[in-house]
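See below for the structure under consideration.
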Amino acid sequence: MDKHLIEDIQHISLSLFNKNFFGVYHGSISARLSSHSFIINSKDTILDEINEESLVKLDCHKRDYRWTMANADVNIHEHIYEAIPNAKYISYTMPPYATAYSLKHTKVLPQDFFGKKILGEIFVYDPKNINDWLERAPYEIPQFFQKHETHILLIKGFGVISYDRDITEMAKKISILENSCRLLALSATL
Numbered sequence: 001m002d003k004h005l006i007e008d009i010q011h012i013s014l015s016l017f018n019k020n021f022f023g024v025y026h027g028s029i030s031a032r033l034s035s036h037s038f039i040i041n042s043k044d045t046i047l048d049e050i051n052e053e054s055l056v057k058l059d060c061h062k063r064d065y066r067w068t069m070a071n072a073d074v075n076i077h078e079h080i081y082e083a084i085p086n087a088k089y090i091s092y093t094m095p096p097y098a099t100a101y102s103l104k105h106t107k108v109l110p111q112d113f114f115g116k117k118i119l120g121e122i123f124v125y126d127p128k129n130i131n132d133w134l135e136r137a138p139y140e141i142p143q144f145f146q147k148h149e150t151h152i153l154l155i156k157g158f159g160v161i162s163y164d165r166d167i168t169e170m171a172k173k174i175s176i177l178e179n180s181c182r183l184l185a186l187s188a189t190l
């Protein structure tokens, strides 16, 4: 695997973990390698210590034993890569303020400078029936991205799915969303 790509994933994954956007064994990060292959963290990976051994290389045209080693979110990543050709990186995070904010609101209207300037209004997607959400998510999430001009999706009570061509930009947008939700929550108590 490309050493530079692994280092980028390590750096961003550690940053997201340190910000509490990933939990222990909770969350996922992937990178497209070609039009039909990508790498994703394995199901046993603690996301603050990503290395080459903790990443699984998958071929979308060949379902082999490696798919069982991949993170549980693998089908979401696969379908986003198939539906959105310009997606180079994908992550599933659960930033606490953004996820909490999603429980009580249908959209995020940032009031802070960076939230307004970079994100604008963020729609909160309500999966409705949570009992079958994990089966529907690989189909509904790419459909949402295809219908809306956004690279970030806040899902009620579930967390944030995001993609980008640049891994740093992807992490930056997640962080800005979390900070905007934190500021909205704090300002509501003043």
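Per the UniProt record's numbering, the sequence shown starts with residue 1, numbered consecutively.
Virtual Cβ for every residue (Gly too), placed ideally from N, Cα, C.
Everything numeric in this text was worked out from a predicted model, so none of it was measured.
With 7 Å set as the bound, which would you pick, yes or no: does the beta-carbon of S42 sit closer than that to a beta-carbon of chain B?
No chain B is present in this structure, which holds just one protein chain.
So is the beta-carbon of M1 under 6 Å away from any non-hydrogen atom of the ligand SAM?
Here there are no bound small molecules, and the ligand SAM is not part of this structure.
Between which two residues does the beta strand (DSSP E) harbouring K147 extend?
That residue, K147, is in no beta strand (DSSP E); its alpha helix (DSSP H) goes 133-147.
Taking L58 and F38 to be in contact with their CB atoms under 8 Å, please state how far apart those CB atoms are, rounded to whole angstroms.
6 Å
Close-in-space but distant-in-sequence residues of the same chain around L109 (CB under 7 Å, 5 per side omitted):
E121
Note the first and the last residue of the continuous alpha helix (DSSP H) segment covering R66.
66-69
From the DSSP output, in three-state form, read off R32 for me.
Reduced to three states, the DSSP call for R32 is strand.
Can at least three beta-carbon pairs, one atom from the stretch 122-130 and one from the stretch 60-69, be found at a separation below 8 Å?
no
Ranges of the alpha helix (DSSP H) found wholly within the stretch 36-83, counting only runs of at least 4:
66-69, 74-83
Residue range of the beta strand (DSSP E) that T93 falls in?
For T93, the enclosing beta strand (DSSP E) starts and ends at 89-93.
Compute the Euclidean distance between the alpha carbons of H151 and I176, then round it to the nearest angstrom.
Looking at the two C-alpha atoms, the distance is approximately 13 Å.
If you drop the 5 nearest sequence neighbours on each side, which residues of the same chain put their C-beta closer than 7 Å to that of A31?
L5, I9, F38, I39, K88, Y89
Uninterrupted alpha helix (DSSP H) stretches inside the stretch 91-119 (no shorter than 4 residues):
96-104
Terminal residues of the alpha helix (DSSP H) in which I152 lies:
First-last for I152: 152-155, but that is the beta strand (DSSP E), not the alpha helix (DSSP H).
According to DSSP, which residues form a beta bridge with V160?
T93, L154
Check whether D126 and S180 have beta carbons under 7 Å apart:
no
Can you tell me whether F17 is helix, strand or coil according to DSSP?
helix
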